[in-house]
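Chains as they are written, first to last, in the working numbering: chain V, 803 to 1133; chain Z, 1059 to 1354.
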């Protein structure tokens, strides 16, 4: 890694400095591309100890990229007295201590818009799969049951279903756009009502659930939204209700969900995220009305490019004192 | 009307069977071991046939039923009915258009998303170029949905439709060459049999995905299977096959396909609506009223 240090030192006069905060098992994606715009400091690429490297550079670090779920804790922030910006590379922000950032006046940018389309595609894919039993029917065919059983149990139409979207940010909006084309009726819950949005707003997730056939969870995981889908919400949604989760596992009380599904108290679920990934409650494997995906809204070539552009744009805006593109408003 | 013999080829829907039994003398053809004897015995009372995607009224059947007046299909596809013969003999034909359009299109999109969610496809997102063969009711419904996923829609159909804003390709090979996902949405006729052949599959290519929710014979199935096994074609979502319920064994081991047992119209709401159309058409005919959804 000595070569990289040397290469960085050549350009260090011209390019702005950005710290790369990553767990050793995570690589910074598109590092080469970023190197042409920024002087990247990566403690794991240095022969020095982590602490020594960080304290040597701490006064020149105004911005950092935190890779994937690499945490940014209050203690870590204390080591960087001049830090003003944190750029996240994942859609979620629950690994960043946002209230510590708020007290320090550190701006945080998220990257959810780079993924929104892919996550929305995943959400709709899970919904169509649950309602039309696609994965279960595929297993039926592969198990050679079609010539034996002749008919496969029929599913349910999407058109006319009342879909409640929890969180109408960039992901929720992309979901709404897609499911409108299927003739679904959309309503939403979000921290605040959005004036420009034509869909009915429900101030509580429980009320939304009571008026929905399907709930799609697209919101961020915060203290307020932890287990936002609890037993009451599931009861309100009802026996035919379907829950789709592409947000974070802990948005749902997973134990309650599993019990409700096993007991047939709700209609079905499509889950891309779990409370304790990669562990998935094994009871779910037996259920034909449950579709599971392994955190599928991953990097695709399009979202990869969109993410890179978002990161570069935010960093460049910061270093030229222009407004950030995707700053999180930390209330 | 209880004496009117209605021959049903296959079990298709218990609600339909129930309702037909209330009104007519329903003859369940699939339960009959000696079919030709049965037909000879009942030929003078059978005035209607209820068919579906698996069996309808071919030339042979029509010939042995001298009192056949109407064929009412529990499907929108008419490929199992000898339409020319029906016209010739003045036999009316009805199907179930419109009521299943949306759910078939839903399934096409569901198949696309399911194929692209597979781990072997994780280095790609929902391909932005969707090529649709046949821009009738189902094709248009697929296009409308795919557009909401920000896909670019191209199409092939027998004639260009100038009022449509999507890009037209004059042949299927060119359409395939310019598509990430190719969707078959046309009806099955002699011209469209094996419309998906080796050439089209090659043009679609190792990153291409084929979606078929209409009829198995649209696709040269052995060609498709070898292309998928050899990875000359990226993936496929198939609801229909040439010899249902038989599905080529080689497909079971592949991770780049999704296989469904002809469930295109398979929702509670749709099957009920289809059944109501069959019943409504038969009733209308035997009461000398205008047919609801006549084809011939």
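All C-beta atoms in this analysis are idealised placements derived from N, C-alpha and C, irrespective of residue type, glycine included.
Report buried or exposed for residue i, applying the criterion of at least 16 other Cβ atoms within 10 angstroms of its Cβ.
| i | result |
| --- | --- |
| residue 922 of chain V | buried |
| residue 1345 of chain Z | exposed |
| residue 950 of chain V | exposed |
| residue 1014 of chain V | buried |
| residue 794 of chain V | Because residue 794 of chain V is not part of the residues shown, which for chain V are 803 to 1133, the question remains open. |
| residue 1039 of chain V | buried |
| residue 803 of chain V | Residue confidence for residue 803 of chain V is low, a pLDDT of 46 falling below 50, so the modelled location carries little weight and cannot support an answer. |
| residue 899 of chain V | buried |
| residue 1241 of chain Z | buried |
Residue i by DSSP, collapsed to three states: which one?
| i | result |
| --- | --- |
| residue 1131 of chain Z | strand |
| residue 1224 of chain Z | coil |
| residue 1304 of chain Z | strand |
| residue 1043 of chain V | coil |
| residue 990 of chain V | strand |
| residue 1076 of chain V | coil |
| residue 1343 of chain Z | helix |
| residue 1066 of chain Z | strand |
| residue 1410 of chain Z | Because chain Z is modelled from 1059 through 1354, residue 1410 of chain Z falls outside the range shown and cannot be assessed. |
| residue 1120 of chain Z | helix |
| residue 1213 of chain Z | strand |
| residue 846 of chain V | helix |
| residue 1354 of chain Z | coil |
| residue 1150 of chain Z | strand |
| residue 1189 of chain Z | strand |
| residue 1017 of chain V | strand |
| residue 823 of chain V | strand |
| residue 1274 of chain Z | helix |
| residue 1268 of chain Z | strand |
| residue 1003 of chain V | strand |
| residue 1029 of chain V | coil |
| residue 1251 of chain Z | coil |
| residue 890 of chain V | strand |
| residue 1317 of chain Z | strand |
Kindly give me the distance between the Cβ atoms of residue i and residue j, rounded to whole angstroms, as I take these residues to be in contact under 8 Å.
| i | j | result |
| --- | --- | --- |
| residue 981 of chain V | residue 926 of chain V | 6 Å |
| residue 969 of chain V | residue 998 of chain V | Not a contact, Cβ separation roughly 16 Å. |
| residue 1320 of chain Z | residue 1111 of chain Z | 7 Å |
| residue 1049 of chain V | residue 1082 of chain V | Contact doesn't hold; Cβ gap of about 16 Å is too wide. |
| residue 956 of chain V | residue 1135 of chain Z | Not quite, the Cβ-Cβ distance comes to about 18 Å (not below 8 Å), so this is no contact. |
| residue 1193 of chain Z | residue 1222 of chain Z | 7 Å |
| residue 912 of chain V | residue 1128 of chain V | 6 Å |
| residue 888 of chain V | residue 910 of chain V | 5 Å |
| residue 929 of chain V | residue 1046 of chain V | 5 Å |
| residue 1173 of chain Z | residue 1295 of chain Z | 5 Å |
| residue 985 of chain V | residue 1248 of chain Z | Contact flag wrong, Cβ pair sits at about 34 Å. |
| residue 932 of chain V | residue 1072 of chain V | 5 Å |
| residue 1007 of chain V | residue 977 of chain V | 16 Å between Cβ atoms; not a contact. |
| residue 1310 of chain Z | residue 944 of chain V | 5 Å |
Tell whether a beta-carbon distance below 9 Å holds between residue i and residue j.
| i | j | result |
| --- | --- | --- |
| residue 1044 of chain V | residue 1017 of chain V | yes |
| residue 1125 of chain Z | residue 1104 of chain Z | yes |
| residue 903 of chain V | residue 974 of chain V | no |
| residue 1176 of chain Z | residue 1313 of chain Z | yes |
| residue 819 of chain V | residue 893 of chain V | no |
| residue 1360 of chain Z | residue 1263 of chain Z | Nothing about residue 1360 of chain Z can be reported from this structure: the residues present for chain Z run from 1059 to 1354 only. |
| residue 1170 of chain Z | residue 1267 of chain Z | yes |
| residue 959 of chain V | residue 1353 of chain Z | no |
| residue 1129 of chain Z | residue 1107 of chain Z | yes |
| residue 1090 of chain Z | residue 1082 of chain Z | no |
| residue 919 of chain V | residue 1132 of chain Z | no |
| residue 1224 of chain Z | residue 1236 of chain Z | no |
| residue 831 of chain V | residue 1110 of chain V | yes |
| residue 1167 of chain Z | residue 1195 of chain Z | no |
| residue 845 of chain V | residue 874 of chain V | no |
| residue 1199 of chain Z | residue 1258 of chain Z | no |
| residue 1065 of chain Z | residue 1100 of chain Z | yes |
| residue 1070 of chain V | residue 1092 of chain V | yes |
Need the endpoints of the alpha helix (DSSP H) that residue i sits in, please.
| i | result |
| --- | --- |
| residue 944 of chain V | 936 to 944 |
| residue 868 of chain V | Note, residue 868 of chain V: premise wrong, no alpha helix (DSSP H); beta strand (DSSP E) at 865 to 868. |
| residue 1173 of chain Z | 1159 to 1174 |
| residue 1194 of chain Z | First-last for residue 1194 of chain Z: undefined, no H or E at that position. |
Tell me where the beta strand (DSSP E) around residue i begins and ends.
| i | result |
| --- | --- |
| residue 1083 of chain Z | 1083 to 1086 |
| residue 1106 of chain Z | 1104 to 1109 |
| residue 1239 of chain Z | 1239 to 1242 |
| residue 1115 of chain V | That residue, residue 1115 of chain V, is in no beta strand (DSSP E); its alpha helix (DSSP H) goes 1103 to 1121. |
| residue 1296 of chain Z | 1293 to 1296 |
| residue 967 of chain V | 964 to 968 |
Could you tell me if the beta carbon of residue i falls within a distance shorter than 8 Å of some heavy atom in the ligand ATP?
| i | result |
| --- | --- |
| residue 1056 of chain V | Only the bare structure without any ligand can be found here, which leaves the ligand ATP out of the picture. |
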